[in-house]
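*Asks:*
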Amino acid sequence: MTIDLSTKYLGLHLKNPLVVAACPLGQSLENLKRLEDCGAAAAVLPSLFEEQIEHDSAEIARVYEYGTESFAEAITYFPEMNKYQFEADTYLEHIGKAKKALSMPVIGSLNGVSTGGWIRYARLIQEAGADALELNIYFIAADIDTSGQEVEKMYTDLVAAVKQSISIPLAVKIGPYFSSPGYMARKLVDAGADGLVLFNRFLQPDMDLDDLDITPRLVLSTPFEQLLPLRWTAILHGRLKASIALTSGIHDHHGLLKALMAGADVGMVASVLYKKGFDEVGRMLQGVAQFMEEKEYESVEQLKGSMSQENCPHPAAFERGNYMKALTSFTPGRA
Amino acid sequence: MAQKRFVTLDGNEATANIAHLTNEVMAIYPITPSSGLGEMPDAWAAAGRKNIFGAVPHVVEMQSEAGAAGAVHGALQAGAITSTFTASQGLLLMIPNMFKIAGELTSTVFHVTARTVATHALSIFGDHSDVMACRSTGWAMLASGSVQEAQDMALIAQQATLEARVPFIHFYDGFRISHEVNKIEQLSDDEVRAFIDMKMVEAHRQRALSPERPKLRGTAQNPDHFFQAREACNPFYDATPGIVQKTMDRFAQMFGRQYHLFDYYGAADADRVIVAMSSGCGVVEETVDKLVAEGQKVGLVKIRLYRPFDGRAFVACLPKTTKVVAALDRTKEPGAIGEPVYQDVIAALAEHWADHAGGAVPQVIAGRYGLSSKEFTPAMVAAIFAEMTKPKPRRHFTIGIHDDVTHLSLEYDENFSTEAPDVVRGVFYGLGSDGTVSGVRSTVKILGENTPLYSQGYFVYDSRKAGSVTASHLRVSPRPIKGSYLVHKATFVACHQFHFLERIDMLSVAEPGATFLLNSPYGPDEVWDHLPLEVQQQILAKKLKFYVVDAYRVARETNMGVRINTIMQTCFFQLAGMLPAEEAIAHIKDSIKKTYGKKGGEKVVQQNFAAVDAALAALHEVKVPSAATSKLRMVPPVPDTAPKFVKEVLGTIIANRGDELPVSAMPADGTFPTGTTQYEKRSIAQDIPIWDPKICIQCGICSLVCPHASIRMKTYEPGLLEKAPAGFKATDWKGKEYPGWKFTVQVYPDDCTGCGLCVDACPAKDKAVAKHKAIDMEPKLKHLDQERKSLDFFMGIPDVDRTQVKADTIKGSQLLAPLFEFSGACAGCGETPYVKLITQFFGDRMLIANATGCSSIYGGNTPCTPYTVNKDGRGPSWSNSLFEDAAEFGFGMRLAVDQQIEYATALLKGLSGKLGDELVTALLTNQQETEEEIARQRSLVDVLRKRLAEIGGQEAESLAASSDYLIRKSIWSFGGDGWAYDIGFGGLDHVFASGRDLNILVLDTEVYSNTGGQASKSTFRGAVAKFAAGGKPAGKKDLGMIAMTYGKVFVGQIALGANPLHALKTIRAAESYRGTSLIIALSHCISWGIDMTQGLQHQKEAVACGYWPLYHYDPRESHPFQLDSRKPTGHFKDFALKEARFAMLARAKPQESERLLALGQADIDNRWALYEQLAGFGHAGDGNGAGKATSKEVEG
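Each protein sequence line maps, in turn, to chains A and B. Letter 132 of the first sequence, counting from 1, is numbered 132 in my numbering, and no numbers are missing. Letter 42 of the second sequence, counting from 1, is numbered 42 in my numbering, and no numbers are missing.
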């Protein structure tokens, strides 16, 4: 039996449902080539951050002004350079090079929250050759006077603004922390998102107990983390006119299969590549194919959403019941 | 003729443009004010800009001006069109080569920003003493008198030298022209190309040495033929004036501006004529206009070609009616019959007047003016013309000063002015950091390049690098602006910092009816009561139009931080009314875009736009009340309690009234008292560190790292606290040495610069609130009264007995009084903590020989000096010789001290019978290695002096006079890496070889910091610096290793931010060594492109990644080399890219940056491997620091 692994994500035809998530591995063209050779269907390039874009130019202005025009012998401290290559420019160049070197689709990624001047980079990413854009919105509503509605409006305004500036498909990567993630997902699609990427893994601050300081900490995902996006993928499948990518916690072919069966069009991987190496891509795809063969699935399309909330035998299991069951299972007194 | 192209730029840029276009090789070396002349071609070359020959010139930085001149000489001999740029001592270092270049009839132009040669003091400002010192070299000298002329003469000189074969100095007044921004008509590349005769270029190349046509130059000649050979060049000199005039005529034909060897300006029938050169000419010209219009018969001769001096041409341009000539010299030649221009004028008249006019030769009088950029104004010119009307005018005079000693000065009427009413004249007072100068620079450019108006900008900077005050002088006129002098009658005065009002008398320059714009936190209705009475009185007396804008509020609201330049600029345009508001704002925005656009600063552009848009809404006119009612008064520059000299002389200079000081007020030999910064309370910090005794662990780090000695600690007996003011903080001393004593850390609130280094370094955090440290930066105003009271009491607490202090600990060292305090160094300076620490240990017996550079400027720039004295009146005695010779200078001090010790010892032995063997033996055998021994020696010397007084006689008197030398001296040479690695290296090397007891401290910032960050041989590979705009291609020189090869030099490499205890111990060990010691101290700097608050952190990371290994080499040890830092962790790249000096290249040339960073990593790895081998495996990284041996004598 021939098994069709192809899928459609953001309107892009992909040879299989395994996409490399936005992560530092994508900074290297060589890595990307190897991942493609291993079978990856597409790659999201590492994010270009709003802070990065704004910070770069502000820093250069600061450096050129700091301490200058104060003392007659040292009116300036640095020579004027002819041209500056900002990280953003390097990023755009990287997209161009990746497009030339790879046959798989290349998805650019922008990370930010405000609707400021930085979003012009959405168009620049498109002009650099990206097949699609992933907009990663990572906002910590630390101001207790900011309401949920204000945050939601900020998200939708940003999506609308970015969508307006590009013609390539737009995926929006969000976190799970909304009072009503489903409603939010719908609003984002209404605002122009062609797809949703579930979910962002927030980089959480950690503490240094010796220095009594806060330090950023990046930890690789674990398979357990897949459960949260899996739930929301299952809930949202079939209810939105948008693609869904499941990211976080896919560490083997089981994880990828679950993602697809919950309703994702693709599964995105990053941590597993760090843990097990690039060859894991091939092994995962092989595992998916083998499973499908054994279970007599013909295509990924057939598999997609087959266990979504809409299609699974116990829809309530994705809602509160799931939580109850888990609790009761683990409460010794009830055992 | 091509379309005229007007630009506004300064004299250096105008000149550098021509030099870049017309030269193939430029060998350069930084020196103020000519550094920019080399920096621009270097940056242009790095960007691939070609010269008129179609090639990118080679721009090469050398190790000194002498080296640059040698390289120029070589390049010329090998056929390249070659130039260099210099001034002052730099030009003097070129003189030997200049004789050769001229003797070989070699075409070249040196562009010189004429600057004062250091005599009783260094001065970076302008006069002709340097170029005048070159008169005998045989070089032609062509003077420019304006920014326009700087461009034009640069080109004329270049073409003329090619034809004449006589080399040219093209010069103009340092700062006054080199840094004045003015509107000029710029020549295009094509025009420059058309002007240079390629046949002559080819002829120059053909004269080059080449094995294809072998020849020999630079022979040695004998008495029989040298003289004749020397005379053989005469025809070339005879022809030169004619060639220059021909070139000037061709220039006029092509570009419309006619110059002559000497240009006469004024009444055709003048009876009084002034002769002058360079920027002074514009001032005289402006005055001549006014006086001629009033009917006076006066005129001016501008000297263009000063050498060869064409006497006939000079006399020919004088009106035959001339009766009196005043020859003005911007130089001083003590002992001469007169200064050079005077002598030339006399000789020229003696030789040619009879042919020109016959009759009585005009009387010639000689005037000195404008030394070190002293103001030269129309009022002074008018006084000279007035003097010339007298039957017996003074033959020799000075103008611009009050000479109450030799009474040479002419008096002048300060109210005489030539300013036209339609000229806008603005003076803008700001801080270096608030962007005032940039704002005015931009205004000059906007008006000069976008309107038919002419604009001129000149900027007066502070000699203190922290909290620098700037005054920007602006003129805007419908006509070209001739006068190169400050605005003394302003139609617009702007105060960009409210607190200046109490310290700077800025309204004295305001004309009646002028506009006064104040950046004020107080609105139009409340500001009046916050003004000092003196300010209110001037506003009323002069009927000033008074406006306020809360620029800092606008800046805050538009995220501009402390940059208020665009806000104040917008208000200026609105009030000055030269352009319609909309047009002005459009120009300002366009200028913002040009400034930040190419740096990709879209956000910065938008922030500035927002600030501009919000500015006018915040601008308000103040309804001035009818009476001055303020209870506030301006703050006196120094307190009443200050010594007389400080009050009367230094205080006057601090108050910006130094021009008023008479000659008698100044020390004749340049000797100044030390310890005077304590009287100048600048109070520049916004935030100051506030101590919390509950959290403090008493480590002493805050005091150790403070660059300005403005946070200190003391321990004292508890009884003293009985008289402490309320709020004075104290806690129990933690330690065994002083049981039951109290401890206080005290900030000096008016001396602190607010740099924050102390807080960044403080390791003690509150257990309950981790962000709260034992010291935190807090708003000064909240604490000022309390801290002032606390400080008064703190200063009265006696220092502990230094013989009992554990000086080899950080905590102990900080109980020793610093004898270097409150310097003018940058806020957060990485150098001064080392200097301060050294004075804490050895200051009471120190002699310092300081190389020119940052450390000589913050160490010795008048008015106030930071080296100070202890309670006994002892402290460092300091001097600066030159940039290049601090090692030799210190060495000379060592020789003198050693000689005096020997002399005193011989006298002592000779008098031992009268003095008693016991005293003599005690004096001669005391090793003086500990504080106790030093103290004992002082006591012994006191006894000796008493006995000598009793004994009497010549020998006893001689010994008494030399007895100081029996107390061990600590002799130091201080300087930066520019000195030690480059210009002073030869001397340093010689001192290493001598083995004499001299301590050498290299404050290594890895660039020439004082002149704005030019690369030195210490600059690390891959760092961007001026003269290394493409990233330093070569690796850093290992100075320590070179010194170690002698085997007898103590070498220590330290970094206070990484391992303060190591730094401390190494310094002490180096000083204890009775041979030559070299300490290389990593010093973070603005030129690293870092947040200076975190400078120490950068040092720490530099050491951690192996960029800056800590080590010491102690020849007294059996295994002298000890690697004191741990094996590198992390990568150079990760460290480097946190600093703009490296990150900038990664932005501009990513691939080249990658390549150089990789090579830099290899440098680090290789050096570490070498050091490990030197140390022997297992010796690296114990981190315990130096100083194991402190008392061994040098062997052999």
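Note that the Cβ used here is the ideal one computed from N, Cα and C, for glycine as well. It should be emphasised that the depicted structure is a prediction, and the values quoted were computed from it without experimental measurement.
1. Verify the CB distance criterion: does Leu303 (chain A) have a CB-CB separation below 8 Å to chain B?
2. Mapping DSSP to helix, strand and coil, what is Ser299 (chain A)?
3. Can you give me the Cβ contacts of Pro169 (chain A) inside the same chain, cut-off strictly under 6 Å, excluding the 5 residues immediately before and after it?
4. Of the choices B:Asn51, B:Arg563, B:Glu888, whose alpha-carbon is the least far from that of Thr68 (chain A)?
5. Rounded C-beta distance between Val991 (chain B) and Ala851 (chain B)? I'm assuming under 8 Å.
6. When you compare the CB of Thr865 (chain B) with every CB in chain A, is at least one pair closer than 8 Å?
7. Taking 8 Å as the cut-off, does the stretch 712-732 of chain B touch the stretch 750-758 of chain B (at least 3 CB pairs, one atom from each stretch)?
8. What does a CB cutoff of less than 7 Å around Val805 (chain B) pick up in its chain, not counting 5 residues either side in sequence?
9. Chain A beta carbons: is any one of them nearer than 8 Å to that of Asn1010 (chain B)?
10. Looking at chain A, is there any beta carbon in it that lies within less than 8 Å of the beta carbon of Gly1183 (chain B)?
11. Using a beta-carbon distance cut-off of less than 9 Å, what residues from the stretch 58-78 of chain A approach chain B?
12. Opposite Ala27 (chain B) in the DSSP bridges: which residues?
13. I want to see whether chain B comes within less than 8 Å of Thr215 (chain A), judged by CB atoms only; does it?
14. Let me confirm a value: Pro340 (chain B) is counted as buried when at least 16 other C-beta atoms fall within 10 Å, else exposed. Which label applies?
15. By Cβ distance below 7 Å, which residues in the same chain neighbour Leu1110 (chain B) in space, the five residues on each side in sequence not counted?
16. Can you list the residues of chain B that Lys51 (chain A) reaches, using a CB-CB cut of under 9 Å?
17. With 8 Å as the threshold, decide whether the Cβ of Glu298 (chain A) is near any Cβ in chain B.
18. Any residues in the stretch 600-634 of chain B with a beta carbon nearer than 8 Å to a beta carbon of chain A? Which ones, in chain order?
19. How big is the Cα-Cα spacing for Cys317 (chain B) and Cys281 (chain B)?
20. Using CA coordinates, which residue listed in B:Ala555, B:Arg1141, B:Met666, B:Asp669 is at the minimum distance from Leu616 (chain B)?
21. Counting beta carbon pairs with one atom in the stretch 210-228 of chain A and one in the stretch 142-157 of chain A, are three or more of them shorter than 8 Å?
22. So, does the CB of Lys1138 (chain B) fall closer than 8 Å to a CB anywhere in chain A?
23. Smallest Cα separation from Pro749 (chain B): which of B:Lys736, B:Glu717, B:Phe822, B:Ser433?
24. What ranges does the beta strand (DSSP E) occupy inside the stretch 795-872 of chain B, keeping only unbroken runs of at least 3 residues that lie completely in it?
25. Do you know offhand how far Tyr1171 (chain B)'s Cα is from Pro643 (chain B)'s?
26. Cβ of Gly249 (chain A) less than 8 Å from any chain B Cβ?
27. Considering Cα atoms alone, identify which of B:Tyr867, B:Phe1135, B:Gln698 is closest to Leu847 (chain B).
28. What residue range is occupied by the uninterrupted alpha helix (DSSP H) comprising Ala78 (chain B)?
29. Look up Lys173 (chain A) in the DSSP assignment and say whether it is helix, strand or coil.
30. With burial defined as no fewer than 16 other Cβ atoms inside 10 Å of the residue's Cβ, what is the status of Asp942 (chain B): buried or exposed?
31. Checking contacts by CB at 8 Å: is Lys742 (chain B) closer than that to chain A?
32. Enumerate in chain order the residues of its own chain whose CB-to-CB distance from Leu291 (chain B) is below 8 Å, with the five nearest sequence positions on each side excluded.
33. Can you pull the chain A neighbours of Tyr596 (chain B), defined as C-beta to C-beta under 8 Å?
34. Any idea what DSSP makes of Met307 (chain A), helix, strand or coil?
35. Anyone know if the C-beta pair for Lys1048 (chain B) and Ser1018 (chain B) falls short of 8 Å?
36. Would the stretch 990-1009 of chain B and the stretch 970-982 of chain B be scored as touching if the rule is three or more Cβ pairs under 8 Å?
*Replies:* Reading from the atomic positions:
1. Chain B contact via Cβ: absent.
2. Ser299 (chain A) falls in the strand class under three-state DSSP.
3. Excluding residues within five positions, the ones whose Cβ falls inside 6 Å are Leu10, Gly11, Ala132, Asp194.
4. Out of B:Asn51, B:Arg563, B:Glu888, B:Arg563 has the C-alpha closest to the C-alpha of Thr68 (chain A).
5. Beta-carbon to beta-carbon, Val991 (chain B) and Ala851 (chain B) are separated by about 12 Å, too far to satisfy the 8 Å threshold.
6. With 8 Å as the cut-off, Thr865 (chain B) does not count as an interface residue toward chain A.
7. Contact between the stretch 750-758 of chain B and the stretch 712-732 of chain B is absent, because fewer than three Cβ pairs lie under 8 Å.
8. Spatial neighbours of Val805 (chain B) in its own chain (CB-CB distance under 7 Å, excluding positions within 5 residues in sequence) are listed in chain order as Gly812, Leu815, Leu816.
9. Yes - at least one Cβ of chain A is within 8 Å of the one on Asn1010 (chain B).
10. Note that Gly1183 (chain B) scores 47 on pLDDT, short of 50, meaning its location in the model is unreliable; the coordinates nonetheless yield the value given after this. For Gly1183 (chain B), the nearest beta carbon of chain A is not closer than 8 Å to its own beta carbon.
11. Cβ contacts with chain B come from Ala58, Glu59, Ile60, Ala61, Arg62, Val63, Tyr64, Glu65, Tyr66, Gly67, Thr68, Glu69, Ser70, Phe71, Ala72, Glu73, Ala74, Ile75, Thr76, Tyr77, Phe78.
12. In the DSSP assignment, the residues bridged to Ala27 (chain B) are B:Val60.
13. So no, Thr215 (chain A) is outside the interface.
14. Burial state of Pro340 (chain B) is buried, judged by a 10 Å Cβ sphere holding 16 or more other Cβ atoms.
15. Only Gln1053, Ile1054, Ala1055, Ala1058, Asn1059, His1062, Val1103, Asp1124, Ser1125 meet the Cβ criterion.
16. Position check: residue 51 (chain A) holds Glu in this sequence, whereas Lys was assumed. Within chain B, no residue comes near Glu51 (chain A); the closest Cβ sits about 11 Å away, beyond 9 Å.
17. Judged by the 8 Å Cβ criterion, Glu298 (chain A) is not in contact with chain B.
18. Within the stretch 600-634 of chain B, the qualifying residues are Gly600, Gly601, Glu602, Lys603, Val604, Gln606.
19. Taking the straight line from one Cα to the other gives about 15 Å.
20. Cα-wise, what sits closest to Leu616 (chain B) is B:Ala555.
21. The stretch 142-157 of chain A, when compared against the stretch 210-228 of chain A, does not touch it at the 8 Å Cβ threshold.
22. Using a CB distance cut-off of 8 Å, Lys1138 (chain B) does not count as an interface residue toward chain A.
23. That would be B:Phe822, whose Cα lies nearest to the Cα of Pro749 (chain B).
24. List check, beta strand (DSSP E) in window: 846-850.
25. Straight-line Cα distance between these residues: approximately 53 Å.
26. For Gly249 (chain A), the answer is no, since every Cβ of chain B falls outside 8 Å of its Cβ.
27. Closest by alpha carbon: B:Tyr867.
28. Annotation for Ala78 (chain B): no alpha helix (DSSP H) segment contains it, and DSSP assigns it neither H nor E.
29. If DSSP states are grouped into helix, strand and coil, Lys173 (chain A) belongs with the strands.
30. By the C-beta density criterion, Asp942 (chain B) is exposed, having fewer than 16 other C-beta atoms within 10 angstroms.
31. So, not an interface residue.
32. So the list reads Val298, Ala382, Phe385, once near-sequence residues are dropped.
33. In chain order: Ser57, Ala61.
34. Collapsing the DSSP output to three states places Met307 (chain A) in coil.
35. At least 8 Å separates the beta-carbon of Lys1048 (chain B) from that of Ser1018 (chain B).
36. Short answer: they touch.
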